[in-house]
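> If you read the sequence shown in my numbering, its first letter stands for residue 664, the second for the next number, and so on.
Yeah, the Cβ is synthetic: ideal placement off N, Cα and C, and Gly gets one too.
Computed from a predicted model, the values in this text were never measured in an experiment.
Below you will find the structure I want to go over with you.
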Amino acid sequence: MGEDKKKRSRFRKVSIFKEVDETPSRFLGNLCPTNLEEQKEGFLKHGILPKFKMRTSQAEIDKITAKSRGQIRFDLLNEAKVIIQKVKKEFGDGQKYLEAAYGPPTDFITGTEVIAKYLMECNCEGEITVYWTRQLECR
Numbered sequence: 664m665g666e667d668k669k670k671r672s673r674f675r676k677v678s679i680f681k682e683v684d685e686t687p688s689r690f691l692g693n694l695c696p697t698n699l700e701e702q703k704e705g706f707l708k709h710g711i712l713p714k715f716k717m718r719t720s721q722a723e724i725d726k727i728t729a730k731s732r733g734q735i736r737f738d739l740l741n742e743a744k745v746i747i748q749k750v751k752k753e754f755g756d757g758q759k760y761l762e763a764a765y766g767p768p769t770d771f772i773t774g775t776e777v778i779a780k781y782l783m784e785c786n787c788e789g790e791i792t793v794y795w796t797r798q799l800e801c802r
């Protein structure tokens, strides 16, 4: 058995970890605007209402938003307001809440070590590629 383990370790797959400036487009949803930063700047600096260009056609957007899960529901609005008020009162803002709930943001090296260890424990080394980007959190 020990000899078999030695043979397997010589041919061990290695997981790939990449730090990227922008999230690869294949990981963004169809409803993700392609001109987000430009429209955000126009709104914040000049008060111009955003006109987003999406990654998909208007017909596809209509199809996605027509589904029941794409509909905005108001039946739990009061409960949502209570939750937001409690979070603001206790934590001040959403970022402080996230840090209290999940811990502080991690850096590339620390996060890579934790995920690599987890993949090894689950016997999943070399099965996935991990992308690190500042644009997405907990994805």
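Provide the residue span of the alpha helix (DSSP H) that contains Phe680, from first to last.
The sequence position of residue 680 within the sequence shown is 17, counting from 1. Unbroken run through Phe680 is the beta strand (DSSP E), Ile679 to Glu682; no alpha helix (DSSP H).
> If you follow the alpha helix (DSSP H) that Thr792 is part of, which residue opens it and which one closes it?
The residue labelled residue 792 in the question sits at position 129 within the sequence shown. No alpha helix (DSSP H) contains Thr792, which is instead part of the beta strand (DSSP E) from Thr792 to Trp795.
> Looking at the strands, I want to know which residues DSSP matches up with Pro696.
Residue 696 sits at position 33 when you count from the first residue of the sequence shown. BP columns for Pro696 point to Met717.
> Look up Arg802 in the DSSP assignment and say whether it is helix, strand or coil.
Against the sequence shown, residue 802 aligns to sequence position 139. Since pLDDT at Arg802 reaches only 42, below the 50 mark, its modelled position is unreliable, and the value read off the structure follows with that caveat. Here Arg802 sits in coil by DSSP.
> Helix, strand or coil for Asp725, going by three-state DSSP, please let me know.
On the sequence shown, position 62 is the one that residue 725 refers to. Helix.
> On the premise that Gln702 lies in contact with Phe715, defined as a C-beta separation below 8 angstroms, what is that separation, rounded to the nearest angstrom?
To locate residue 715, count along the sequence shown from 1; it is residue 52. To locate residue 702, count along the sequence shown from 1; it is residue 39. Sure, about 6 angstroms apart at Cβ, within 8 angstroms.
> Distance check for Ser678 and Arg671, CA to CA, integer angstroms please.
Counting from one through the sequence shown, the residue named residue 671 turns up at place 8. Counting from one through the sequence shown, the residue named residue 678 turns up at place 15. For Arg671, the predicted model reports a pLDDT of 49, less than 50, meaning its position is unreliable; a value from the coordinates is still stated below. So the two alpha carbons sit approximately 16 angstroms from each other.
> Could you give the DSSP three-state label for Lys780: helix, strand or coil?
For the purposes of this step, residue 780 is taken as residue 117 along the sequence shown, with counting starting at 1. Here Lys780 sits in helix by DSSP.
> Going by CA-CA distance only, name the one from Glu700, Ile724 and Leu712 that's closest to Gly692.
One-based indexing of the sequence shown puts residue 692 at position 29. With distances taken between Cα atoms, Gly692 lies closest to Ile724.
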